[in-house]
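Beneath this line is the structure, given in structure tokens, with notes to follow.
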Amino acid sequence: MAKQQIQEPRVLSIILGGGKGTRLYPLTKERSKPAVPFGGKYRIVDIPISNCINSGYKKIYLLTQFNSASLHLHIINSYNFDRFSHGFVEILAAEQTLEHSGWYEGTADAVRKNLAHFRVQKPTHYIILSGDQLYRMDLKAFMNEHIASGADITIAAKAVNREDASGFGIMRVDDSNKITAFMEKPAKDLNIDNWKIPEKSRGDLDPKLEYLASMGIYIFNADVMEEMLANERNDFGKEIIPDAIKNKKVNSYIFDGYWEDIG
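This note's numbering applies: residue 696 is where the sequence shown begins, and numbers increase by one.
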């Protein structure tokens, strides 16, 4: 009997360019946050782009709206795929259309306003990435775990200690890594002992790292993305994810490598 052929997912990578970059000012005085130089000849945006390309995901959109001229120039000069690879890195700046007349009003709104561009590629899955983080991640392993688990959405998570947990959105998970609750930046004096990582999910994590923080990196099934963006929810972390947890299968994927938010 012939082996059943496994259908490869059609993945679109969406990199969020972020806001005005006030925390990096004056570096962002004349350029967008993803265009800030990093490590000599590189820009911050090269980090998520490199993670995508090295994972085999070469269809990449970068969403931005502030000071994007130097970013356009960098992308044009740095990323040229041969015609047979079907790969691209394309910038989508905020634009006025008949349907949308304003700036991006949040991370989810930025994706919503560009869905018409994305649908042309007929994706089965979206990877949503931040444009201002430092890390190296095998996104293919992330995707494989998402598909194997049967999740609708999977969130990359970093284990943190109690003090650092107050700076992130944290997740409560069950023994199967399904997210059961999400809390945005819990106060330092709030008792969150019942949010600790289950022992079954800990693996070889440092015992001091007891909580799961969202890295702001998500995988969505394409149909779920369409459904969640049908209503006017503007932010993934504050609105989309908490709502999805109520009636979707939303899983966590623990990343144990180096990761830093530099924006």
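Glycine included, every Cβ here is placed at the ideal spot set by N, Cα and C.
Helix, strand or coil for residue i, going by three-state DSSP, please let me know.
{"i": "I739", "result": "coil"}
{"i": "H812", "result": "helix"}
{"i": "I957", "result": "coil"}
{"i": "I949", "result": "strand"}
{"i": "G932", "result": "helix"}
{"i": "I874", "result": "strand"}
{"i": "S909", "result": "strand"}
{"i": "K944", "result": "coil"}
{"i": "K817", "result": "coil"}
{"i": "E879", "result": "strand"}
{"i": "V784", "result": "strand"}
{"i": "G716", "result": "Because the pLDDT at G716 is just 48, under 50, the model does not fix this residue reliably, and the value given afterwards should be weighed accordingly. Note: G716 maps to coil in three-state DSSP."}
{"i": "R778", "result": "coil"}
Tell me, to the nearest whole angstrom, how far the beta carbon of residue i is from that of residue j; I am working on the premise that it is less than 8 Å.
{"i": "N856", "j": "L904", "result": "6 Å"}
{"i": "L766", "j": "A805", "result": "Rounded, the Cβ-Cβ distance is 15 Å, inconsistent with contact."}
{"i": "L907", "j": "I887", "result": "Not quite, the Cβ-Cβ distance comes to about 11 Å (not below 8 Å), so this is no contact."}
{"i": "I949", "j": "T849", "result": "Wrong, their Cβ atoms sit about 11 Å apart, outside the cutoff."}
{"i": "I742", "j": "Q828", "result": "7 Å"}
{"i": "T819", "j": "A925", "result": "Actually they do not touch by this definition, with Cβ atoms about 18 Å apart."}
Bridge partners for residue i per DSSP, in chain order?
{"i": "S825", "result": "L711"}
{"i": "L834", "result": "Answer is none; L834 lacks a bridge partner."}
{"i": "A703", "result": "Before going on, a small fix: residue 703 reads as Glu here, not Ala. The partner list for E703 (beta bridge, DSSP) is empty, contrary to what the question assumes."}
{"i": "V855", "result": "Y906"}
{"i": "Y756", "result": "I709, E785"}
Whose CA, out of the options, lies closest to the CA of residue i?
{"i": "R778", "options": "L900, K754, G801", "result": "K754"}
{"i": "L810", "options": "V945, K944, E922", "result": "E922"}
{"i": "D956", "options": "Q816, S825, I709, K817", "result": "S825"}
{"i": "W890", "options": "D899, G898, K880", "result": "K880"}
{"i": "F863", "options": "Q702, I842, F877", "result": "F877"}
{"i": "V868", "options": "K736, N772, K895, N926", "result": "K895"}
{"i": "Y756", "options": "K808, D918, M910, Y953", "result": "K808"}
{"i": "T875", "options": "N916, G911, N946", "result": "N946"}
{"i": "S750", "options": "E858, D899, S708, A925", "result": "S708"}
{"i": "D847", "options": "K943, V731, N746, I710", "result": "K943"}
{"i": "D899", "options": "N775, A854, G801", "result": "A854"}
Per the contact definition of three or more C-beta pairs closer than 8 Å, is the region 933–941 in contact with the region 821–835?
no
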